[in-house]
Amino acid sequence: MNLTKYFNFNYLKENIKKSKGVLLLLILVVPFFTILTLALMYNNKNNIELLNMKNIIFVNLIGMYIIPIGLSFSLFGYVYKKSSVDFINSMPINRKSIFITNSIAGILIITIIQLLTMLGIFVISMAKTNLEIIPLSIIDSFFMMWIAYVFVFFITNLAMTLSGTNFTQIVLTILFVFLIPFVTQMSIAIFNDSYVEERLNSNSTYDSVIAVNEEKHYVLPYDVISKGSYEYSNITLVKMVIIGIIAFLLGIYLFQKRKMENIDESFANEKIHLVVKSLTIFPAILLLNVIDAESTFNILAVGIIIVYYFVYDYIVRKKIKFIKSIFALLFILIISQGIVFGMKNFPGTNIREKLNKENIKEISIDYENTDRESSNVYTNNEEAINLIFDSAEKINEEWPKTQGENISSTVISLNGKDKYGKIYDFHISIMQDDFYKLFDILEKDEDYVDRVKKEYMSNGYISIGRNNITHLINDSEKIQEEINKELEKRKLIEIFYINSENYNLSIDKYYYKNHKLTYKRMPVNINENILKEIADFENERTSQIDLEKLENSGYGISYSIYIDKDNLTASNDLEEYYFDYYNNSEYYFGIAQNDIKKFIEENKNEKLDSSKQYYIICVSNYENTYYLFSNKTKELNQILEKEIKQKDEEEKMFIN
Amino acid sequence: MIKISNLNKSYGNKKVLENLNCTINTNSIYGFVGANGAGKSTLLRLINDVFKPDSGNIEIDGKTILDNQELKQKLVFVPDDLYFFPNYTLKDMANFYNSMYKNFDMEYLKKLAEILKLDINTKVQNFSKGMKRQCALICAISTNADYMFFDETFDGVDPVIRGLLKKIIAKQMEKKETTIVMTSHNLRELEDICDNLALIYKGGVLFESEVNNLKTNMFKVQISLKEEFDKDTFKEYNLLNFKKVGSVATLILKGEKEKVKEKLENLNPIILDFLPITLEEMFIYEMEVLGYEFNQVF
Numbered sequence: 006m007n008l009t010k011y012f013n014f015n016y017l018k019e020n021i022k023k024s025k026g027v028l029l030l031l032i033l034v035v036p037f038f039t040i041l042t043l044a045l046m047y048n049n050k051n052n053i054e055l056l057n058m059k060n061i062i063f064v065n066l067i068g069m070y071i072i073p074i075g076l077s078f079s080l081f082g083y084v085y086k087k088s089s090v091d092f093i094n095s096m097p098i099n100r101k102s103i104f105i106t107n108s109i110a111g112i113l114i115i116t117i118i119q120l121l122t123m124l125g126i127f128v129i130s131m132a133k134t135n136l137e138i139i140p141l142s143i144i145d146s147f148f149m150m151w152i153a154y155v156f157v158f159f160i161t162n163l164a165m166t167l168s169g170t171n172f173t174q175i176v177l178t179i180l181f182v183f184l185i186p187f188v189t190q191m192s193i194a195i196f197n198d199s200y201v202e203e204r205l206n207s208n209s210t211y212d213s214v215i216a217v218n219e220e221k222h223y224v225l226p227y228d229v230i231s232k233g234s235y236e237y238s239n240i241t242l243v244k245m246v247i248i249g250i251i252a253f254l255l256g257i258y259l260f261q262k263r264k265m266e267n268i269d270e271s272f273a274n275e276k277i278h279l280v281v282k283s284l285t286i287f288p289a290i291l292l293l294n295v296i297d298a299e300s301t302f303n304i305l306a307v308g309i310i311i312v313y314y315f316v317y318d319y320i321v322r323k324k325i326k327f328i329k330s331i332f333a334l335l336f337i338l339i340i341s342q343g344i345v346f347g348m349k350n351f352p353g354t355n356i357r358e359k360l361n362k363e364n365i366k367e368i369s370i371d372y373e374n375t376d377r378e379s380s381n382v383y384t385n386n387e388e389a390i391n392l393i394f395d396s397a398e399k400i401n402e403e404w405p406k407t408q409g410e411n412i413s414s415t416v417i418s419l420n421g422k423d424k425y426g427k428i429y430d431f432h433i434s435i436m437q438d439d440f441y442k443l444f445d446i447l448e449k450d451e452d453y454v455d456r457v458k459k460e461y462m463s464n465g466y467i468s469i470g471r472n473n474i475t476h477l478i479n480d481s482e483k484i485q486e487e488i489n490k491e492l493e494k495r496k497l498i499e500i501f502y503i504n505s506e507n508y509n510l511s512i513d514k515y516y517y518k519n520h521k522l523t524y525k526r527m528p529v530n531i532n533e534n535i536l537k538e539i540a541d542f543e544n545e546r547t548s549q550i551d552l553e554k555l556e557n558s559g560y561g562i563s564y565s566i567y568i569d570k571d572n573l574t575a576s577n578d579l580e581e582y583y584f585d586y587y588n589n590s591e592y593y594f595g596i597a598q599n600d601i602k603k604f605i606e607e608n609k610n611e612k613l614d615s616s617k618q619y620y621i622i623c624v625s626n627y628e629n630t631y632y633l634f635s636n637k638t639k640e641l642n643q644i645l646e647k648e649i650k651q652k653d654e655e656e657k658m659f660i661n
Numbered sequence: 017m018i019k020i021s022n023l024n025k026s027y028g029n030k031k032v033l034e035n036l037n038c039t040i041n042t043n044s045i046y047g048f049v050g051a052n053g054a055g056k057s058t059l060l061r062l063i064n065d066v067f068k069p070d071s072g073n074i075e076i077d078g079k080t081i082l083d084n085q086e087l088k089q090k091l092v093f094v095p096d097d098l099y100f101f102p103n104y105t106l107k108d109m110a111n112f113y114n115s116m117y118k119n120f121d122m123e124y125l126k127k128l129a130e131i132l133k134l135d136i137n138t139k140v141q142n143f144s145k146g147m148k149r150q151c152a153l154i155c156a157i158s159t160n161a162d163y164m165f166f167d168e169t170f171d172g173v174d175p176v177i178r179g180l181l182k183k184i185i186a187k188q189m190e191k192k193e194t195t196i197v198m199t200s201h202n203l204r205e206l207e208d209i210c211d212n213l214a215l216i217y218k219g220g221v222l223f224e225s226e227v228n229n230l231k232t233n234m235f236k237v238q239i240s241l242k243e244e245f246d247k248d249t250f251k252e253y254n255l256l257n258f259k260k261v262g263s264v265a266t267l268i269l270k271g272e273k274e275k276v277k278e279k280l281e282n283l284n285p286i287i288l289d290f291l292p293i294t295l296e297e298m299f300i301y302e303m304e305v306l307g308y309e310f311n312q313v314f
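Pasting the structure below:
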């Protein structure tokens, strides 16, 4: 098999070499700015933080709209230029090989960009001791970005085979990526006559609205803009892979068939030019129908469309055929408006879908805190489903009679699955009594309770927060045991709806699931086991630092002590005592600095006895904070007294 | 051998080549001449698979050229619009050709560059127009391809270098069996190098001939006879053109030179001179026979 029919290494090498300057810029821009962002972020010296890719991916996201297009233009551009078309097409390399080789070159460069960025993040995370990473989250995010970049790259390559000027190539790329998702989204809006919001009962006067959010996933470049955030699912990934492969294969076919004489020209055919131009204004017409704005705005918008129509002609064709264009525009406006009219009035459209207990076959209760991951544990408990919807109906009936007086209700968040498996995410108001009844019903459902509790048992980073100190511990068995003990004790309602005031320690379990960093919260009261675990973790971390080096790092260093006056187990309510010493929450050392330093050096391998009283020594510089838990309270008290005494003497001298 | 049959090509509604037929034998230099826009460059682009024909067939050594990578190893094309990668030196360009052509001879390129006084480490974009063409030509020649296509071969090249390049081309043909196809809108550029010449007019080959054949079979004769004479006096001859000023006539005749001479001497002429004839004149008279004005064609 002659592989050069499909791929030519020499050509790849030369093609990269000829654009090395531009390609180097394209390769370095994303890694550089991502690493810079990371280096500047996560400088909270008090806490160890877990890297959330969402916070640093934005450079990569912006790059997604620029880099692949830049790559296409660098690698393919000259193939379509009048000056080089003879040169490259007469070379002993067939068109299929040119297309595939250039595509591979682009994929290689995209891979380098993502690998470099990923590598940079790993290196920075190693250098920054207060930053923890979940490698899977980084690998997953970069894989997704890699797919997205390759997807845009393939789409641009396809657009370049179809059109002859950079402007129309970009227009086509935008149409390929955005048109279908946009039109689909607008169509849903037109069909449903409102954005995805349905009412339980169209006659409802009480605002027991079920805000239904049926999650739609298209392709990442569209989703990022339409949702304004970096979220993606497996559907996004599959769609981009499939469309990308189609674009690639179609690109090969069309490139082989392409008439190379049609270069430096938007489209060979006037009709295609008209179709493309019309497609660029069709979304605007849909949008105008959806936003239902005032007439002055609509007139202004139509005016803008007309101006755009002629500007487009001028840019693309370098001439304006005024009369012809006006007729064509009128035709397009009538056709577009006709389509919208048809959509609005087509029998069966404009449905206000009634979402009721008959539709919902399964529910999962969401947590009150929206930051946390929705529970994926579903139940088809009919009694619970009926209770929720009957209770909501009851409110709807009662509300007009009393205008809400004497109605005690609460809002719960639910995910509901219909019989087709379609998931709705909604909020619903139910009577307060029914709220407790609901959990009583679910509590009896052993299988459901078991599955909910199992959600907390998975591996993950445990973040233990107490006041302003957070300890991030990776996968601690002992703390997991504590969580499990808590789970045993707690009722279902106490897992979903937590009264934080009852606990002095929050335990969040972070993990990467469904392509995002999420967590589950389980507040507890501190006990010996947890304290021991935190102390061991922090002391181990502190034992590795070099105080001299830290002092000379240029940022300066400060030492302080947190004091727990009483035995930990004597009272769980540690907060009052924890920071209550000489009316200061913490004591910063100046004079006795050498003593505290010496103490740390001598005791940094101490194993805390968590049943006894302990102090926490805190060492911090600009970037990091380290803690040493110690039972040697007498020695530490002596150092504290020395510090206070000397300070007092200094103050006296100053006054005198 | 290159065999072109019934070749058609249009750009939109404009027909550029129409039923073009032509055969180019191996190991020869074939020249296509014609006015600007006649279709010479398009023909070369079609032969080199830059453009695809609307219909018709191009066979090189019995194989079709369409997307035929192996066959394209045997072809090299220097277009009218030269292209060099930005910031590339002649050496870089040669390396590119080297990576593309299996038989590229880097040492030979360096030698040719030396002959033409081209610095291989200078960026090609800094060369003059004529030097750029020399760069392209020597890169192409160094590929040792079997078929070389040069569009507007000597455009921008000064007469001295033109002569040198012609020698280099001739040397290449001595070195190995090579077929060279050249185009020019200027007949004089090709007359002393081509074995065959074809005139392209309105997308077809209007006239094609071996140059030697033309040169040995066509004469320009100045003649004066004792008696009165006119065009009819020479009706037995293959007369292409007759012009008489006073008692002296200038004839353009076709045929075997010795026989024609003998026949003319039998007329006991007072003056009988065989004058040199340029290729351009030969074309003019051939065109006239075909019913075309030379100015229409060029």
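Top line first, the protein sequences correspond to chains A and B.
Numbering (my numbering) for the first sequence: 6 to 661.
Numbering (my numbering) for the second sequence: 17 to 314.
Cβ atoms here follow ideal geometry from the backbone N, Cα and C, with glycine treated the same way.
request  = Can you give me the Cβ contacts of D600 (chain A) inside the same chain, cut-off strictly under 6 Å, excluding the 5 residues immediately before and after it?
outcome  = The sequence position of residue 600 (chain A) within the first sequence is 595, counting from 1. Closer than 6 Å at the Cβ level, and outside the excluded window around D600 (chain A), lie I644.
message = Tell me the DSSP secondary structure of Q238 (chain B) in three-state form.
response = For the purposes of this step, residue 238 (chain B) is identified with residue 222 of the second sequence, where counting begins at 1. In the structure shown, Q238 (chain B) sits in a strand (DSSP, three-state: E or B).
query = List, in order along the chain, the chain B residues whose C-beta lies closer than 9 Å to that of I265 (chain A)?
reply = In the first sequence, counting from the first residue as 1, residue 265 (chain A) sits at position 260. It should be pointed out that residue 265 (chain A) corresponds to Met in this sequence rather than to Ile. Those are R61, V66, F67, K68, listed as they occur along chain B.
query = With a CB to CB cut of under 8 Å and the five nearest residues on each side skipped, what residues in its chain are close to E486 (chain A)?
reply = As a working note, residue 486 (chain A) is residue 481 in the first sequence. Correct list, in chain order: N534.
request  = Starting from Q89 (chain B), find everything on chain A with Cβ-Cβ shorter than 9 Å and list it in chain order.
outcome  = Here residue 89 (chain B) is taken as the residue at index 73 of the second sequence, counted from 1. Within chain A, the residues near Q89 (chain B) are P97.
message = Mapping the DSSP letters down to three states, classify H222 (chain A) as helix, strand or coil.
response = Looking up residue 222 (chain A) in the first sequence gives position 217. In the structure shown, H222 (chain A) sits in coil (DSSP, three-state: anything other than H, G, I, E or B).
ask   = Who are the neighbours of N519 (chain A) on chain B, taking C-beta pairs under 9 Å?
value = As a first step, residue 519 (chain A) must be located in the first sequence, where it is residue number 514. None at all; the shortest Cβ gap to chain B is about 46 Å.
query = What's the C-alpha gap between V173 (chain B) and F148 (chain A)?
reply = As a working note, residue 173 (chain B) is residue 157 in the second sequence. As a working note, residue 148 (chain A) is residue 143 in the first sequence. Near 55 Å, if we compare the C-alpha coordinates of F148 (chain A) and V173 (chain B).
task = Show which residues of chain B have a CB atom less than 8 Å away from the CB atom of V90 (chain A).
result = Working through the first sequence from its first residue, we reach residue 90 (chain A) at position 85. Result: V66.
query = With 16 as the cutoff for other CB atoms within 10 Å, does A132 (chain A) come out buried or exposed?
reply = To locate residue 132 (chain A), count along the first sequence from 1; it is residue 127. Under this definition A132 (chain A) is an exposed residue.
ask   = Going by Cα to Cα distance, which pick from A:S615, A:K323, A:I103 is closest to T638 (chain A)?
value = The residue you call residue 638 (chain A) lines up with position 633 of the first sequence. Taking only the C-alpha atoms, the option nearest T638 (chain A) is A:S615.
task = Report buried or exposed for M164 (chain B), applying the criterion of at least 16 other Cβ atoms within 10 angstroms of its Cβ.
result = Within the second sequence, residue 164 (chain B) is the residue found at index 148, counting from 1. That one is buried.
ask   = CA-CA distance, K183 (chain B) and F166 (chain B)?
value = Position 167 of the second sequence holds residue 183 (chain B). Position 150 of the second sequence holds residue 166 (chain B). Computed Cα separation, rounded: 15 Å.
ask   = Are P102 (chain B) and Q150 (chain B) closer than 8 Å when you measure CB to CB?
value = Counted from its first residue, the second sequence places residue 102 (chain B) at position 86. Counted from its first residue, the second sequence places residue 150 (chain B) at position 134. No. Outside cutoff.
inquiry  = Please tell me whether F101 (chain B) has its Cβ less than 8 Å away from any Cβ of chain A.
reply    = Taking the second sequence and counting its residues from 1, the one referred to as residue 101 (chain B) is at position 85. At least one chain A Cβ lies under 8 Å of F101 (chain B).
ask   = Between V276 (chain B) and the rest of its own chain, which residues show a CB-CB distance below 6 Å, the 5 nearest in sequence each way excluded?
value = On the second sequence, position 260 is the one that residue 276 (chain B) refers to. Same-chain partners within the cutoff: L269.
request  = Give me the Cα-Cα distance between I331 (chain A) and V345 (chain A), rounded to the nearest whole angstrom.
outcome  = One-based indexing of the first sequence puts residue 331 (chain A) at position 326. One-based indexing of the first sequence puts residue 345 (chain A) at position 340. Computed Cα separation, rounded: 21 Å.
Where the beta strand (DSSP E) through I209 (chain B) begins and ends = Here residue 209 (chain B) is taken as the residue at index 193 of the second sequence, counted from 1. That residue, I209 (chain B), is in no beta strand (DSSP E); it is neither H nor E in DSSP.
task = Taking 8 Å as the cut-off, decide whether the C-beta atoms of V32 (chain B) and G220 (chain B) are in contact.
result = Here residue 32 (chain B) refers to the residue found at position 16 when the second sequence is read from its first residue. Here residue 220 (chain B) refers to the residue found at position 204 when the second sequence is read from its first residue. No, Cβ-Cβ distance for V32 (chain B) and G220 (chain B) is not below 8 Å.
query = How about the segment 233 to 244 of chain B and the segment 195 to 206 of chain B: do they share at least three Cβ pairs that are nearer than 8 Å?
reply = no
request  = Assuming L492 (chain A) and Y461 (chain A) form a contact by the criterion Cβ under 8 Å, report the distance between their Cβ atoms to the nearest whole angstrom.
outcome  = Counted from its first residue, the first sequence places residue 492 (chain A) at position 487. Counted from its first residue, the first sequence places residue 461 (chain A) at position 456. The Cβ separation is near 6 Å, so the contact holds.
inquiry  = Counting only beta-carbon separations shorter than 8 Å, does Q150 (chain B) have a partner in chain A?
reply    = Walking along the second sequence from the start, residue 150 (chain B) turns up at place 134. Output row for Q150 (chain B): interface = no.
query = In whole angstroms, what is the alpha-carbon distance linking F159 (chain A) and Y124 (chain B)?
reply = Residue numbering aside, residue 159 (chain A) sits at position 154 when the first sequence is read from its first letter. Residue numbering aside, residue 124 (chain B) sits at position 108 when the second sequence is read from its first letter. Spanning the two alpha carbons is a distance of roughly 41 Å.
query = What number of angstroms, rounded off, separates the C-alpha of L56 (chain A) from the C-alpha of I62 (chain A)?
reply = Taking the first residue of the first sequence as position 1, residue 56 (chain A) is located at position 51. Taking the first residue of the first sequence as position 1, residue 62 (chain A) is located at position 57. Going by the C-alpha atoms only, they are around 11 Å apart.
query = How about N257 (chain B) and E304 (chain B): do their beta carbons lie closer than 8 Å?
reply = Here residue 257 (chain B) is taken as the residue at index 241 of the second sequence, counted from 1. Here residue 304 (chain B) is taken as the residue at index 288 of the second sequence, counted from 1. In contact: N257 (chain B) and E304 (chain B) (Cβ atoms closer than 8 Å).
key: Opposing strand residues paired with Y524 (chain A) [DSSP bridges]   = In the first sequence, residue 524 (chain A) corresponds to position 519, counting from 1. DSSP output for Y524 (chain A) lists A:Y515 as bridge partner(s).
task = Compare the C-alpha of L206 (chain B) against each of B:V66, B:L181, B:E190 and name the closest.
result = Here residue 206 (chain B) is taken as the residue at index 190 of the second sequence, counted from 1. Comparing Cα positions, the closest option is B:L181.
inquiry  = I'd like the span of the alpha helix (DSSP H) that includes K23 (chain A), first residue to last.
reply    = Numbered from its first residue, the first sequence carries residue 23 (chain A) at position 18. Note, K23 (chain A): alpha helix (DSSP H), 14 to 23.
ask   = With K254 (chain B) and G271 (chain B) assumed to form a contact (beta carbons below 8 Å), what rounded beta-carbon distance in angstroms separates them?
value = Taking the second sequence and counting its residues from 1, the one referred to as residue 254 (chain B) is at position 238. Taking the second sequence and counting its residues from 1, the one referred to as residue 271 (chain B) is at position 255. As written in the sequence, residue 254 (chain B) is Asn, which differs from the Lys given in the question. Confirmed, Cβ separation roughly 5 Å.
query = Nearest-angstrom Cα distance between L392 (chain A) and L443 (chain A)?
reply = Residue numbering aside, residue 392 (chain A) sits at position 387 when the first sequence is read from its first letter. Residue numbering aside, residue 443 (chain A) sits at position 438 when the first sequence is read from its first letter. Rounded to the nearest angstrom, the two C-alpha atoms are 7 Å apart.
request  = Check each candidate in A:L613, A:I498, A:F81 and name the one with the smallest Cα separation from N541 (chain A).
outcome  = By 1-based counting over the first sequence, the position of residue 541 (chain A) is 536. Inspection of the sequence shows that residue 541 (chain A) is occupied by Asp rather than by Asn. Nearest option by C-alpha distance: A:L613.
message = By the DSSP assignment, the beta strand (DSSP E) with A54 (chain B) in it spans what residues?
response = Residue 54 (chain B) sits at position 38 when you count from the first residue of the second sequence. Here A54 (chain B) belongs to no beta strand (DSSP E), and DSSP marks it neither H nor E.
task = Scan the segment 10 to 21 of chain A for residues whose Cβ lies nearer than 8 Å to a Cβ of chain B and list them as they occur along the chain.
result = K10, N15, Y16, K18, E19
request  = Could you check the C-alpha separation between V454 (chain A) and M527 (chain A) for me, to the nearest Å?
outcome  = Within the first sequence, residue 454 (chain A) is the residue found at index 449, counting from 1. Within the first sequence, residue 527 (chain A) is the residue found at index 522, counting from 1. Their Cα atoms are separated by approximately 16 Å.
inquiry  = If contact is defined by three or more beta carbon pairs under 8 Å, each pair taking one atom from either stretch, is the segment 109 to 118 of chain A in contact with the segment 96 to 110 of chain B?
reply    = no
Rounded C-alpha distance that separates G465 (chain A) from S146 (chain A) = On the first sequence, residue 465 (chain A) is found 460 positions in, with the first residue counted as 1. On the first sequence, residue 146 (chain A) is found 141 positions in, with the first residue counted as 1. So the alpha carbons of these two residues sit roughly 18 Å apart.
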